[in-house]
Amino acid sequence: MILLISDLHLEEERPDISRAFLHFLQTRASQAEALYILGDFFEVWIGDDAISPFQRSVAQALRQLSDAGTRIFLMHGNRDFLLGRAFCREAGCTLLNDPSRVELAGEQVLLMHGDSLCTQDEAYMRLRRWLRNPLSLFILRHLPLATRHKLARKLRKESRSQTAMKASAIVDVTPSEVPRVMAAQGVRTLIHGHTHRPAEHALQVAGQPARRIVLGDWDKQGWALQIDGQGWTLAPFPLA
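Okay, here's the thing in structure tokens:
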């Protein structure tokens, strides 16, 4: 069994999500061969050197799962792109590039967080290019902690206000970008998160049938894509 999740946005202010995630690790994930977390695992991450006791407890829970034999893969999201290798070493997980092509159930599948597919949101794409630039990342990681906290609060506030004002189509993936990326990567299945719009979409890539599976966010309920002998099942579950 393989499990894929995304957009938990873990933070101390949502203990219900944290408890549900720990339960998920101890139950379903403990039976899995691999767990993939496709970004926005944490609501905010300002650097591995600023890890909080809450975040460390999450790392320890992941390490327990890893030590028990489940392989864990973690991808950056737009909220936690400063997650680094120090956290991954502590948590016993492998950091994946975005995008990454992996084999799942004998099929080559493209994994992404999903924000890079939202090309119609030009303001966000400009900000993303700046934030992900290696020089910008170096500067951000070496800013004083107080400055990073202040910048994170500012970016979160601006993101929420701007998203609320943008048209729904702008903050969703660009329809033409999906087959373009899939064709370039040579895959017929794409799995991503980010948009908080869980669904499976049928499409055509290079004249062949293909699919895009969108993972759901953990808020009023949790979401997971399970791949096992019964097939591929994307389904919600209660947080309680």
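Residue numbers 26 to 265, in this note's numbering, belong to the letters of the sequence shown in order. Ideal Cβ placement from N, Cα and C applies to all residues, glycine included.
Residue j beta carbon less than 8 angstroms from that of residue i
i, j, result
"ILE97", "LEU107", "no"
"LEU135", "VAL212", "yes"
"LEU228", "VAL203", "yes"
"HIS34", "GLU68", "yes"
"PHE112", "ILE164", "no"
"ILE27", "ALA59", "yes"
"LEU142", "VAL206", "yes"
"HIS219", "ASP32", "yes"
"GLY266", "ASP92", "Absent from the structure is residue 266, since the part of the chain shown begins at 26 and ends at 265."
"ASP105", "TRP70", "yes"
"ALA86", "LEU121", "no"
"PHE79", "GLU115", "no"
"ILE252", "LEU129", "yes"
Run of the alpha helix (DSSP H) containing residue i, from where it starts to where it stops
i, result
"GLN89", "78–92"
"GLU225", "Note, GLU225: premise wrong, no alpha helix (DSSP H); beta strand (DSSP E) at 224–230."
"PRO159", "159–166"
"PRO344", "In the structure displayed, the chain extends from 26 to 265; residue 344 sits before or after that span and is not available."
"PRO40", "40–51"
"ALA111", "110–116"
Per-residue burial, residue i [other beta carbons within 10 Å of its own, 16 or more giving buried]
i, result
"PRO200", "exposed"
"LEU250", "buried"
"GLY241", "buried"
"HIS221", "buried"
"PHE94", "According to the sequence shown, residue 94 is Gly rather than Phe. Label assigned to GLY94: exposed."
"SER267", "There is simply no residue 267 to check, as the chain begins at 26 and stops at 265 in what is shown."
"TRP243", "buried"
"GLY247", "buried"
"ALA209", "exposed"
"ASP146", "buried"
"ARG237", "buried"
"ASN158", "exposed"
"ALA45", "buried"
Residue i, enclosing beta strand (DSSP E) - first and last residue
i, result
"HIS217", "214–217"
"LYS100", "The question names Lys, yet the displayed sequence has Met at residue 100. Where MET100 is concerned, the enclosing beta strand (DSSP E) stretches over 96–100."
"ALA260", "256–262"
"VAL69", "It is not in any beta strand (DSSP E) - VAL69 carries neither H nor E in the DSSP assignment."
"LEU60", "59–63"
"VAL127", "125–129"
"ASP253", "247–253"
"LEU28", "27–30"
Any chain D beta carbon closer than 8 angstroms to residue i
i, result
"THR220", "This model lacks chain D altogether, as it is built from one protein chain only."
Inset, instruction - Give a yes or no on contact between the stretch 64–78 and the stretch 253–265, applying the rule of three or more CB pairs nearer than 8 angstroms. - result: They do not touch, by the three-pair rule.
Legend entry - Inter-stretch contact at 8 angstroms, needing at least 3 Cβ pairs: the stretch 212–223 / the stretch 126–140: Yes, they touch.
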